[in-house]
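Here the structure is laid out as structure tokens; the discussion comes afterwards.
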């Protein structure tokens, strides 16, 4: 329970006196994975995904943390790999991303407030490139970049909706060239996706150089490397490339590293952390953003394909209340108390909403590795309701376990840990679209095979962009679909029950440094805003202890 | 030489096992000065200032570091308090701010790249307030803030000139309210000045709440406290409030803390660091930005007056080449080799330029504490030239010593250390303007008594603003004059030789959280820009060692 961070490091074969172990305050240490020695991967990789989430979240992080602690309880040591949560939304309306109850990474306040500052390093590197781009325009634009077609943003750590669309470069020619521009949140930066996908420092450097800023006046892509920016950006990211070791509330180890968004980016923690973890721990638990159609699909086709990962098990988190919400019993709204109907036994609603679970189990089982359904139990769930979920898991040949990690910590996840150990078998993934070939064709495979769509419908802008990408020689990018997480389709109004649909593609963004093309299937916000009464208003430091309150 | 950081901590009475000692990587530790215990101040405070600098810098940081090391060499232990350098200019055209040669804080690359991230924390806190301000406008503007008169910026860590003037809030009502706005660099933030001037956590919290954002439609000031932002801002600044312990290249201790600009802000390291240092070390050396007319004047009237500091000695750094440049022998341009004339013996040029030294010695000696002139010796300086400088020091009853800390480290600063020890005598400061009374009258005293101006000339905007400040009940703010550092007057074209002048005041900015009114006497840039070929282009990580190159 009260093991120190240095003890956890020793368990992982790290000597805390060695320079590979870099303390960051009393609660975190960064790990220089190269200096630590990479070793041979021998661990079992368990990937945690979920059904279509409600706005309340289904406890995927809680489940990932509980599972790591549960494995420890049954005598199997595990290392849990998570994303570093975004700082901005904590001040808005969202909670943090460090788990909750008795299944937390501690101290959760420090983690939710930016941890070891990697997000800020990403922001500085991103904004340095943006500044060099605008300085290039102002000092003669030798590369003939087309100022009206620049596709590269600036980023900010806070939820600052009024920076979504701006005009920069005003105030005269000494300041810059006026143009319309936009800001995103640090975690939406392509630089964050690059950090999460880089194999090593050299690969990071190369990917940063490959960032496409926009076309020149002849229509050719202009890259960060041409501005000479990638070296300086990698200097700013030197320490951010090291995963952060932290502890759970039960003293088990966690690696936090990179926090790419699961819509515009691929929503998985870093490849560096996962691969290193597999060399140091017999069990590695990692979590993907949103449902199997988003984070897990991107885990498979982007992260795992790139890193030759062979997961031993996929865990699909499900809650009774989510299925009830998907059945249409009530609307879940963040910050509002749940409708009483959701908290009352209703087996038929669970059966109706279970169409959503079936949808995700079809997606998950198609990828190949054994699947376990983890029911994150709430106090109001009844045995009859739970039996419905278990029955559906059995239909798909999946394992099943109830866990109560939020209330009981690792002790509440022993059954889940046993179910995972029983099911686990490292497996070659069955990719649902090819790694190469025409982009539109690969996208169609993805839409059909994963989403269950009848096909895709390309808007003229998307068609033009796909042709441009192939003309630029970037046809071998992977696909990163920006799609609502609140429905099985592209339309959040559809909710969690699948329906026949065709996927409309509005536009495509080039993220050549990250190695993917972002496919836009709806409006998406890459910079959250603050509401009329943001959480920040209730925050303060305790005048006596100095501890944050209101987080 | 190779003493570890934990050994330095023990020398300062800190137990590295105690939670007051917070390691940040292998090279830095933050000190929770409250948890460490404040104790009684018994140290001698030595304040390092300079003549009017040339664009090349006169080695003030090198002198401060050398002096600390030189004191150690002669058996006196010293703690040197410096500002945390700004990240942005390192990628532009400026060098770092961690000293140089054999008088550095190490590792200088990490320090120049942001150290322990305090600047980024300041940026996040500042930008959270800006986001809450714009969200307030968008959600009905209950406080009736006048959007056209908002005086609060956003900040960025990079030299991004194209953000100096922007229009934000575009793209429709869900994003925000369109208005003209501006960005500054993190170090120009009022939040940075507050961090540097706060007595403790409670004072920080209060000052953050006192930030004036602009007038409401009735002309009354709207403060950060009214938006409910100050608590959340102080949460973001929790760790930034702890000074950073680091080592010099000779293993002596340094505290880095806060990096306010010496023009728009007061240009001195934090009061918290200086006061704590005085309880732990018999000698404390601290540096102020630019010449005695800027950093030292602000040290005296803002930092020392607030903190009841009684300096034992003021060191005025002078170089032979600066006096030659001030004599008009050549123009010094950053990044260009120095004109040969400056490098050749020319006693009469030194005598002519010495008018600048006399100007600064008059300012420094008027403040009361004993003064020592530190000649930062360059290899081309001749004995005859040095004798001129020594003669002028004697005219003012000041001590004098030559040092060669850049080339020789502490051994090259032993004579300077002895001169300081000999002169030192804790002294009540003679303030050159009153702490209270009409602002214009106090400003006139400052201009006459410090700058040697014949008086002040208030532009109509400045006059209106001063009246507004007094109407707002803020007449007791101190004065923070933004004035060129390259001349004794307000006009950089005047150079270093004093001439009769009247100080023109263009405008006045309210910085009620920091506790001063910023008096603008010329155009000033609070956001540097990148040139046609910024330093960033030459930076990279060494592919083998991973160490930054090109910094």
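Chains as they are written, first to last, in my numbering: chain A, 151 to 701; chain B, 151 to 701.
Ideal Cβ placement from N, Cα and C applies to all residues, glycine included.
- Within the region 355-373 of chain B, contact with chain A at the beta-carbon level (separation under 9 Å) is assigned to 355.
- Per DSSP, the continuous beta strand (DSSP E) segment holding residue 395 (chain A) begins and ends at 394-398.
- By alpha-carbon distance to residue 460 (chain A), the top candidate from A:489, A:490, A:428 and A:691 is A:428.
- Taking 7 Å as the CB threshold, residue 441 (chain B) stays off the interface with chain A.
- Think of a sphere of 7 Å around the beta carbon of residue 241 (chain A): the chain B residues whose beta carbon falls inside it are 278 and 382, in chain order.
- Counting only residues of its own chain and dropping the five nearest sequence neighbours on each side, residue 484 (chain A) has a CB closer than 7 Å to the CB of 205, 206 and 243.
- Interface residue (Cβ-Cβ distance to chain A less than 7 Å): residue 314 (chain B) is classified as such.
- Residues of the region 226-237 of chain B with a Cβ closer than 8 Å to any Cβ of chain A, in chain order: 237.
- With respect to the 7 Å criterion, residue 420 (chain B) and residue 346 (chain B) are classified as neighbours on the basis of their beta carbons.
- Contact between residue 585 (chain B) and residue 414 (chain B) does not hold, since the beta-carbon distance rounds to 21 Å and is not under 8 Å.
- At a cut-off of 7 Å between beta-carbon atoms, residue 173 (chain A) makes contact with chain B.
- Contact holds between the region 510-517 of chain B and the region 459-476 of chain B, because three or more Cβ pairs, one in each stretch, are under 8 Å apart.
- A residue is called buried when at least 16 other Cβ atoms come within 10 angstroms of its Cβ; residue 385 (chain B) meets this threshold and is buried.
- Chain-order list of chain A residues neighbouring residue 319 (chain B): 312, by C-beta distance under 7 Å.
- Counting only the Cα atoms, residue 556 (chain B) lies some 8 Å from residue 216 (chain B).
- Residue 412 (chain B) places its beta carbon less than 7 Å from that of residue 445 (chain B).
- In the displayed model, residue 645 (chain A) falls within coil according to three-state DSSP, outside both helix and strand.
- When 9 Å is used as the limit between beta carbons, residue 289 (chain B) is near these residues of chain A: 680, 681, 682 and 683, in chain order.
- Residue contact check for residue 675 (chain A) against chain B: no CB pair falls below 7 Å.
- Listed along the chain, the chain A residues whose CB falls inside 8 Å of the CB of residue 691 (chain B) are 351, 355, 381, 384, 385 and 388.
- DSSP places residue 620 (chain A) in the uninterrupted alpha helix (DSSP H) bounded by 610-621.
- Of the residues assessed, residue 690 (chain B) falls on the buried side of the cut-off, its CB having 16 or more other CB atoms within 10 angstroms.
- Chain A has no Cβ within less than 7 Å of the Cβ of residue 168 (chain B).
- Residue 270 (chain A) belongs to the set of residues whose beta carbon lies under 7 Å from a beta carbon in chain B.
- Under the Cβ distance rule, residue 306 (chain A) counts among the residues neighbouring chain B, one pair being separated by less than 7 Å.
- Looking at the DSSP output, residue 418 (chain A) sits in a beta bridge with A:438.
- Per DSSP, the unbroken alpha helix (DSSP H) holding residue 499 (chain B) starts and ends at 497-516.
- When DSSP states are grouped into helix, strand and coil, residue 461 (chain A) belongs to the coil group.
- Within the same chain, 413, 414 and 632 come within 7 Å of residue 674 (chain B) by CB-CB distance, once the 5 residues on both sides are set aside.
- By the CB criterion at 7 Å, residue 230 (chain B) and residue 465 (chain B) fall outside the cutoff.
- Residue state for residue 304 (chain B) is assigned as strand, using DSSP reduced to three classes.
- The Cβ atoms of residue 296 (chain B) and residue 367 (chain B) lie closer than 7 Å to each other.
- Secondary structure of residue 481 (chain A) (DSSP, three-state): coil.
- When secondary structure is reduced to three states using DSSP, residue 230 (chain A) falls in the strand class.
- Proximity of chain A to residue 282 (chain B) at the Cβ level (cut-off 7 Å) is accounted for by 680, 684 and 686, in chain order.
- DSSP places residue 524 (chain B) within a strand segment (E or B) once states are collapsed to three.
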